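Residue numbers (the numbering used here): 296 to 655. Here the structure is laid out as structure tokens; the discussion comes afterwards.
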Amino acid sequence: MDKILQQECRRRASRKLAATLLCPDFRFPTSLSAEQCTSDEIARIHADMVQPGASVLDMTCGLGIDAFHIARRASSVIAIDINHDVAGAVGHNAAALGLDNVTGVCADSAEWLADRPDVRFDVVFIDPARRSDSGRRVFGLSDCTPDVISLLPLIRRHTDRLIVKASPMLDIKALIRDEGLRPAHIYAIGTRSECKELVLDFRFGEETDDPVIHAVTSCHGETSFRMSQSASARAAVAAVGDLVPGVFVAEPWPAVMKAGGYDLLPGHRLHPSTHIYIIEPGEEEFPGDVYTVESVTEFSSSNLRRLGREGVDGSVAVRNFPLSADELRKRLKARESDCRRIMGVTAASGRVLLTLSAVR
Numbered sequence: 296m297d298k299i300l301q302q303e304c305r306r307r308a309s310r311k312l313a314a315t316l317l318c319p320d321f322r323f324p325t326s327l328s329a330e331q332c333t334s335d336e337i338a339r340i341h342a343d344m345v346q347p348g349a350s351v352l353d354m355t356c357g358l359g360i361d362a363f364h365i366a367r368r369a370s371s372v373i374a375i376d377i378n379h380d381v382a383g384a385v386g387h388n389a390a391a392l393g394l395d396n397v398t399g400v401c402a403d404s405a406e407w408l409a410d411r412p413d414v415r416f417d418v419v420f421i422d423p424a425r426r427s428d429s430g431r432r433v434f435g436l437s438d439c440t441p442d443v444i445s446l447l448p449l450i451r452r453h454t455d456r457l458i459v460k461a462s463p464m465l466d467i468k469a470l471i472r473d474e475g476l477r478p479a480h481i482y483a484i485g486t487r488s489e490c491k492e493l494v495l496d497f498r499f500g501e502e503t504d505d506p507v508i509h510a511v512t513s514c515h516g517e518t519s520f521r522m523s524q525s526a527s528a529r530a531a532v533a534a535v536g537d538l539v540p541g542v543f544v545a546e547p548w549p550a551v552m553k554a555g556g557y558d559l560l561p562g563h564r565l566h567p568s569t570h571i572y573i574i575e576p577g578e579e580e581f582p583g584d585v586y587t588v589e590s591v592t593e594f595s596s597s598n599l600r601r602l603g604r605e606g607v608d609g610s611v612a613v614r615n616f617p618l619s620a621d622e623l624r625k626r627l628k629a630r631e632s633d634c635r636r637i638m639g640v641t642a643a644s645g646r647v648l649l650t651l652s653a654v655r
């Protein structure tokens, strides 16, 4: 039975744990741990937040991927999980990975910490479960398990720094405005196709209402700014005649969109509410996907029918547009393809269809 579990978990986690699973002795304690674990790429980003030589407490370690990557920088990591089998696997897997500075503990991490009033850590890391007892998905930090908001007084007695993984559905401004939270740094972390999470970095004693916001895209670097910069900036909007074949347009990556620094990006936005940018040659380092415009077509029923008859291939997307991507794809009779991108947008001149070819 265990052999089947290991084979199935390795198959399911083969992409997101490509580096970790190079270790033949790495074991999965449960099938759920394979589903819910952090990917190697995202865990490396978390580890880079931790100062070298730090002592770290992971209060909700799960499979331990974050703890193992952090341990390669830290002096010591105590990794706690309330599930006996999961906590037990931490020690085995740490040894299999050649890490002698990770200690797995089976406990309620809040009770464990409260029982040790004199213990301090350089960093406390927590990734609360984002499902209720009934299985419903939750987003608020006070709705997660454990309740991070209620734990803040306890945690700050044991560290000057707390790193919290949170849902990408949280509203960054509302966290500060409504919850009264004052992290020094907020990270929106994702891939080219999805914002995976928000990470709140609290520096107790350095609370601020103007945190540094970081948009981090795996394997593609980071864009950062202060919240106040975003609030006071206003991006230029492209003129009616600017959107023509041959120009470069750029689509911000999801983490950049979540971070909210639209008005700080280079280039000219197509419309005040359309976050697609015309950029100049030499601005290809834009934090997003960059395309060359092949054609610009006015959005109309007759043009949709004509394009449908001609046949178009490409991945379809919409930005500030009256149709959904699926609706536009059906009306264009478009066949999915990576060769180009077809985008319905609202521009300064009105609603148009863009045919785009990727620059990178």
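Virtual Cβ for every residue (Gly too), placed ideally from N, Cα, C. All figures in this text were calculated on a predicted structure; none of them were measured in a lab.
- Assignment of beta strand (DSSP E) within the segment 407 to 494, counting only whole runs of 3 or more residues, yields 418 to 421, 456 to 461 and 480 to 485 in chain order.
- The alpha-carbon separation between Leu352 and Gly583 amounts to approximately 35 angstroms.
- For Asp496, the pairing in a beta bridge is given by DSSP as Ile458 and His480.
- DSSP, read as helix, strand or coil, puts Met638 in strand.
- When the Cα atoms are used, Leu495 and Leu599 turn out to be separated by approximately 45 angstroms.
- Under the DSSP assignment, Arg521 falls in the beta strand (DSSP E) whose first and last residues are Glu517 to Arg521.
- By the CB criterion at 9 angstroms, Gly606 and Lys628 fall inside the cutoff.
- Counting only the Cα atoms, Ala531 lies some 23 angstroms from Val507.
- Here Leu565 is not near Ala469, since their CB atoms are 9 angstroms or more apart.
- The criterion of a C-beta distance shorter than 9 angstroms is not satisfied by Ala329 and Gly359.
- For Pro547, the enclosing beta strand (DSSP E) covers residues Phe543 to Pro547.
- In terms of Cβ geometry, Ile421 and Ile481 do not form a close pair [threshold 9 angstroms].
- Pro547 has its alpha-carbon roughly 16 angstroms from the corresponding atom of Gly639.
- In this structure, Ile375 sits near Met354, with a CB-CB distance shorter than 9 angstroms.
- Each of Phe499, Arg498, Ile573 and Leu493 was checked against the Cα of His509, and the nearest Cα belongs to Leu493.
- Taking C-alpha positions only, Ala391 is separated from Ala314 by approximately 13 angstroms.
- The three-state reading of DSSP puts Asp361 in helix, counting H, G and I together.
- Non-local C-beta neighbours of Leu394 in its own chain, meaning closer than 7 angstroms and more than five positions away in sequence, comprise Phe363 and Ala366, ordered along the chain.
- Only residues of its own chain outside the window of five on either side were considered, and among them Lys311, Leu312, Ala313, Ala314, Thr315, Ile360 and His364 have a CB closer than 8 angstroms to the CB of Asp335, listed in chain order.
- Distance from the Cα of Asn388 is smallest, within the candidate group Ile573, Leu436 and Phe321, for Phe321.
- Pairing Thr569 with Arg635 gives a Cβ-Cβ distance that is not under 9 angstroms.
- The C-beta distance from Ala342 to Ser370 rounds to 13 angstroms, too long to meet the 8 angstroms contact threshold.
- Here the alpha carbon of Arg498 sits roughly 6 angstroms from the alpha carbon of Asp455.
- Annotated three-state conformation of Ser371 is strand, per DSSP.
- Between the alpha carbons of Gly386 and Asp410 lies a distance of about 22 angstroms.
- In the structure shown, Arg626 adopts helical secondary structure according to DSSP, grouped into three states.
- For the segment 306 to 369, the continuous alpha helix (DSSP H) assignments of 4+ residues that do not extend past its boundaries occur at 326 to 331, 335 to 344 and 360 to 366, in sequence order.
- Residue range Ser610 to Arg614 is occupied by the beta strand (DSSP E) that includes Val611.
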